[in-house]
Each structure stands twice: as structure tokens, then as C-alpha cells.
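Residue numbers (this note's numbering): 3 to 310. For each residue, glycine too, the CB sits at the ideal point set by N, CA and C.
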């Protein structure tokens with residue numbers, strides 16, 4: 003019991019060191035799960051009358067609990083009333099066959115202004131137009147791949163978008179698309195992208211390169227900007243903190259709970275790794291996750307308006 007309590011506390015503290023090195027950064031993404039583990043170790047230690055172990059495990063539970071509470075208790079920035087509202091959503095399809103008809107019904111019901119499908123299965127791409135009447139479809143590829151006809155993102159829109167294409171910064175990776183959304187309050191620049199899952203040091207490095215590219219893109223695109231997608235990092239990750247700091251962004255998750263998005267198949271490991279970050283000219287008026295449609299990621303939508 004003492005070993006279990008010490009190990010739990012050590013892992014919790016390591017996860018809070020703000021180190022970006024792998025696998026320490028990986029541990030930092032699971033404070034909810036570590037809180038649950040620490041809670042059960044505390045109860046078990048109390049039942050077997052091991053007071054020192056109980057205190058150590060309780061300390062681990064407190065540290066993890068405070069980490070999560072900081073996210074839950076953060077308020078959303080104020081939004082200006084009567085401003086134009088824009089809803090942007092995305093789904094990381096992970097090159098899986100998804101339920102195109104169910105996705106079309108969801109889009110028809112929720113009516114987002116823009117919805118981006120990252121890494122679609124190539125055979126699904128022609129079906130999106132059929133299932134989403136009233137939406138303009140734009141398919142984009144990557145500068146880094148051949149053939150150039152390989153689709154890495156599908157953009158569905160009911161507003162007349164401009165500047166739709168893959169970002170010029172190669173550090174983004176292949177699954178990225180940038181676009182400009184018209185609005186009565188002024189145009190909104192957006193980039194939606196996916197990153198490598200940080201399951202190895204090399205993949206974690208590639209993930210961080212994409213997040214650093216997003217920070218550079220953010221600084222170059224004015225106050226009304228959205229940085230959205232599958233970041234493979236939670237709000238508690240030092241890589242996520244660096245993106246929000248360097249990109250001068252706020253999280254649309256503030257004031258809206260945890261809204262976990264991955265993995266769909268395992269509720270015990272589910273964490274929020276799909277995000278929408280906003281420049282200082284925008285604020286969140288609504289945010290939520292939707293179905294996964296066959297992906298391991300739940301879809302995400304966020305509605306924004308001009309910040310007060």
C-alpha cells in the first residue's frame with residue numbers, strides 16, 4: 003500500500019512539472035484519471051489502517067483535483083451582445099469510414115456555418131456533397147504529398163469563404179486547412195488541423211512542431227482568429243500552454259466544463275484533446291461535442307461572437 007501511494011503521488015507530481023519531454027508530457031494529460039486512482043488508493047489505505055499511505059494518496063488526489071478544478075472553474079470571456087455569431091465545427095475522421103448520412107443529418111440539424119472533416123476516407127469524399135445540401139464543399143490536399151489530388155480536409159460551408167487552402171508552413175503537417183469567414187463584424191481567419199498522437203518521442207516532436215506552427219499562424223492573423231482541431235494535447239499539457247501563450251489565444255473550453263472528445267471506445271481514458279482557441283477579438287457563446295460518426299474522436303462545434 004505504501005508503494006502504491008508513493009508511486010501515485012510521484013506520477014501526479016511529475017505530470018505537473020510542466021516538462022515537455024516525452025513521456026512526462028504524456029502523463030500531464032490525465033489528471034482526471036490520476037485523481038480517480040489516488041482517491042481509490044486513499045480509501046484502500048484508510049481501510050487497512052495505513053495512515054501514512056492514506057496521507058500520501060490523499061495529497062495526490064488533492065493535486066490532481068485542483069488541476070482539474072482550475073479548468074472547471076475558469077469563466078468564459080464576455081461577448082458583445084448583438085454581434086454576428088459564427089459556428090465552426092470539425093471532425094477528425096482518422097481515415098476511417100464514417101456514417102456520412104448521420105453526419106449530414108447532424109449538420110442539417112445544428113446548421114454550423116463551417117464544418118471541417120480532417121483526414122476523410124478518400125471513398126467518402128464524394129458522398130459529403132450529397133449528404134449536405136445547401137453547403138459548398140471544398141476539398142484540399144497538402145503541399146507535402148503526391149498525388150496532390152489526395153484529400154486531407156473537406157470544408158463544408160454555408161458562407162462564402164475565401165483563401166481556402168493548406169497553410170504554407172510545412173510544420174503544420176498534411177492535415178491542415180486555413181480559410182477566411184466573412185462576417186458583418188469583420189472577417190474571421192481560421193485554421194483547422196490535426197496532429198500526430200504523441201505515442202513515441204518522434205511523434206510527440208511532430209505534434210509540437212504542428213502546435214508551434216499554429217502559434218506562428220495565430221500571431222500573423224489579426225485579433226479575429228480561430229485555431230481549431232485535434233491537438234492531441236489536453237488543457238493541462240505544457241505543450242497546450244505554450245500554444246495558448248505563444249499564439250496569444252484563449253480556450254473556448256473556458257466556462258464550458260471538460261467536454262472530453264477522445265477515445266470514443268473507452269470512457270475511462272476519455273480526455274479533451276479536440277480544441278478551438280480564439281484570438282482576443284472573439285469570445286465563445288456556445289460550445290459542445292457531437293457524435294463521432296465512426297471515428298474515435300467526437301466532433302466539436304464552437305459558436306463565437308465579437309469579444310466585449
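Status (buried if at least 16 other CB within 10 Å, exposed otherwise) for residue i
i: residue 73; result: buried
i: residue 96; result: buried
i: residue 169; result: buried
i: residue 310; result: exposed
i: residue 201; result: exposed
i: residue 31; result: buried
i: residue 45; result: exposed
i: residue 223; result: buried
i: residue 164; result: exposed
i: residue 124; result: exposed
i: residue 130; result: buried
i: residue 281; result: buried
i: residue 77; result: exposed
Contact with chain B by residue i, beta-carbon distance below 7 Å
i: residue 272; result: Looking for chain B here will not work: only one protein chain is present.
Whole-angstrom C-beta distance between residue j and residue i, which should lie under 8 Å
i: residue 93; j: residue 233; result: Contact flag wrong, Cβ pair sits at about 14 Å.
i: residue 7; j: residue 75; result: At roughly 27 Å, the Cβ-Cβ gap does not stay under 8 Å, so residue 7 and residue 75 are not in contact.
i: residue 205; j: residue 199; result: 6 Å
i: residue 226; j: residue 307; result: 10 Å between Cβ atoms; not a contact.
i: residue 285; j: residue 302; result: Their Cβ separation, rounded to whole angstroms, is 17 Å, which puts residue 285 and residue 302 out of contact at 8 Å.
i: residue 22; j: residue 210; result: 7 Å
i: residue 263; j: residue 276; result: 4 Å
i: residue 26; j: residue 16; result: 6 Å
i: residue 90; j: residue 230; result: 6 Å
i: residue 228; j: residue 190; result: 6 Å
Under the three-state DSSP convention, the category residue i falls into
i: residue 159; result: strand
i: residue 294; result: coil
i: residue 208; result: helix
i: residue 31; result: coil
i: residue 78; result: coil
i: residue 218; result: helix
i: residue 247; result: helix
i: residue 240; result: helix
i: residue 131; result: helix
i: residue 85; result: coil
i: residue 172; result: helix
i: residue 10; result: helix
Close beta carbons around residue i, own chain, < 6 Å, minus the five adjacent residues each side
i: residue 134; result: 106, 109, 158
i: residue 60; result: 44
i: residue 138; result: 159
i: residue 36; result: 14, 66
i: residue 291; result: 261, 263, 300, 302
i: residue 208; result: 198
i: residue 203; result: 24
beta-carbon residue i near the ligand SAH non-hydrogen atom, thresh 6 Å
i: residue 121; result: Because no ligand of any kind appears in the structure shown, any question about the ligand SAH cannot be addressed here.
7 Å CB neighbourhood of residue i in its chain, flanking five on each side removed
i: residue 311; result: Here the chain comprises residues numbered 3 to 310, so residue 311 is not present and cannot be evaluated.
i: residue 173; result: 211, 212, 214, 215
i: residue 102; result: 126, 129, 130, 133
Neighbourhood of residue i by C-beta distance below 8 Å, restricted to the same chain and skipping five residues each side
i: residue 243; result: 20
i: residue 221; result: 248, 249, 250
i: residue 246; result: 252, 253, 279
i: residue 34; result: 66, 70, 260, 273
i: residue 104; result: 293, 295
Note to self: If contact is defined by three or more beta carbon pairs under 8 Å, each pair taking one atom from either stretch, is the segment 75-95 in contact with the segment 185-194?
What the structure shows: yes
Check: Any contact of the segment 267-278 with the segment 49-56, i.e. 3+ C-beta pairs under 8 Å?
Finding: no
Item checked: the segment 152-160 / the segment 101-120 touching (three or more Cβ pairs under 8 Å) -> yes
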